[in-house]
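Undergrad: Start counting the sequence shown at 51; every next residue gets the next number (this note's numbering).
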Amino acid sequence: MSAILALTDVLPSKPNAEWADPFTLNVPKGTWTVVRTTPERSHLLARILIGAKEAASGEVVVLGRPIGKVSRTERRLLLSDLGVLLDPAGLLSNLSLIDNLIVPAVFRGSKGISLPREHAEDVFQELGIAEYANRRPADVPEDVRQIGALGRALVGNPRLLVLENPIASVRSRAAEDVWRICRALAPTAMITSFRRDEMLYNVADDLYLWDSAGLRRAAVEASA
Numbered sequence: 051m052s053a054i055l056a057l058t059d060v061l062p063s064k065p066n067a068e069w070a071d072p073f074t075l076n077v078p079k080g081t082w083t084v085v086r087t088t089p090e091r092s093h094l095l096a097r098i099l100i101g102a103k104e105a106a107s108g109e110v111v112v113l114g115r116p117i118g119k120v121s122r123t124e125r126r127l128l129l130s131d132l133g134v135l136l137d138p139a140g141l142l143s144n145l146s147l148i149d150n151l152i153v154p155a156v157f158r159g160s161k162g163i164s165l166p167r168e169h170a171e172d173v174f175q176e177l178g179i180a181e182y183a184n185r186r187p188a189d190v191p192e193d194v195r196q197i198g199a200l201g202r203a204l205v206g207n208p209r210l211l212v213l214e215n216p217i218a219s220v221r222s223r224a225a226e227d228v229w230r231i232c233r234a235l236a237p238t239a240m241i242t243s244f245r246r247d248e249m250l251y252n253v254a255d256d257l258y259l260w261d262s263a264g265l266r267r268a269a270v271e272a273s274a
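1. Which same chain residues, not among the five before or five after Pro208, have their C-beta less than 7 Å away from its C-beta?
2. Taking only runs of the alpha helix (DSSP H) that begin and end inside the region 180-241, which ones reach a length of at least 4 residues, in chain order?
3. By the three-class DSSP mapping on this structure, what secondary structure does Ile152 have?
4. What are the boundary residues of the beta strand (DSSP E) that includes Asp261?
5. By how many angstroms is the C-alpha of Arg267 removed from the C-alpha of Leu135?
6. Look at the alpha carbon of Ile197 and the alpha carbon of Ala225, and state the distance between them as a whole number of angstroms.
7. What are the boundary residues of the alpha helix (DSSP H) that includes Glu15?
8. Quick check: what's the CA-CA separation for Ile179 versus Lys119?
9. What are the boundary residues of the beta strand (DSSP E) that includes Phe244?
10. Can you tell me whether Asn66 is buried or exposed, with buried defined as 16 or more other CB within 10 angstroms of its CB?
11. Ends of the alpha helix (DSSP H) at Ala170?
12. Short check: CB of Pro191 to CB of Leu142, under 9 Å?
13. Looking at Val60 and Thr81, is the spacing between their C-beta atoms short of 9 Å?
14. So, do the region 87-100 and the region 259-266 have three or more beta carbon pairs nearer to each other than 8 Å?
15. When you compare each of Asp172, Leu57, Leu250 to Glu214 by their alpha carbons, which one comes out closest?
16. Given that a residue counts as buried once 16 or more other Cβ atoms are within 10 Å of its Cβ, and exposed if not, what is Asp189?
17. Are Val228 and Val220 closer than 9 Å when you measure CB to CB?
18. Could you tell me how far apart the beta carbons of Ile217 and Leu200 are, in whole angstroms, since I believe they sit closer than 8 Å?
19. Between the alpha carbons of Glu68 and His93, how many angstroms are there, rounded?
20. Would DSSP call Pro89 helix, strand or coil?
21. What does a CB cutoff of less than 8 Å around Glu124 pick up in its chain, not counting 5 residues either side in sequence?
22. Pick out whichever of Ser63, Leu147, Pro138 has its Cα sitting closest to the Cα of Lys103.
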């Protein structure tokens, strides 16, 4: 199975005590990979994956392209095929939840969207938060904000999701439904988590722990 995301011997641009050893990981097409780690490691990794930070060494290949070597225009086109949710989510406070989905999608020219508002409404309907679509982030519960931010990453039929500590405040039963829907809408994902998350693990194909001992594959039962 071909890798849709491949990191080989990657180190961050600035020396970091938490990320001292080269990092290698492949995410095959059609799989969900979850890495449980610390916020600092996750912050660096997620931003290197999308080209927002540079790697000091190694190679990061996203959708077949070395993201650290592409032009600004090529990177913008590449990002239009990604669904990204960083921590913190960064919803715009002056926009409604649904406009938080539509505006970034239009700006980045997401592929597969001919009617952005209809598509965003469909995503909200699928995720069970359609009743909150026209409210601003400050006017909805925290779990709804987090699901809305995840919905923003799903708009545009992304070929790859890059998610950092998503829906951490969502109750387990609701999270199970959300992850099932996300898995159907986006077949390939790279997700970092800061805590044990059984609902997320249940939809993952591969689970890794990344700590001071390095990156290693883990079974769900061993991830406490």
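Yeah, the Cβ is synthetic: ideal placement off N, Cα and C, and Gly gets one too.
TA: Put simply:
1. Cβ neighbours of Pro208 within its own chain (closer than 7 Å, five residues either side excluded): Asp131, Leu132, Gly133, Ala236.
2. 192-204, 222-235
3. helix
4. 256-261
5. 23 Å
6. 9 Å
7. Missing from the structure shown is residue 15; the chain here goes from 51 to 274 and no further.
8. 39 Å
9. Element bounds for Phe244: n/a, residue is neither H nor E.
10. So Asn66 counts as exposed.
11. 166-177
12. With respect to the 9 Å criterion, Pro191 and Leu142 are not classified as neighbours on the basis of their beta carbons.
13. No, these two residues do not count as a Cβ contact at 9 Å.
14. yes
15. Leu250
16. Here Asp189 is exposed, its C-beta having fewer than 16 other C-beta atoms within 10 Å.
17. yes
18. With a contact defined as Cβ atoms closer than 8 Å, Ile217 and Leu200 qualify at about 6 Å.
19. Spanning the two alpha carbons is a distance of roughly 11 Å.
20. helix
21. Arg115
22. Ser63
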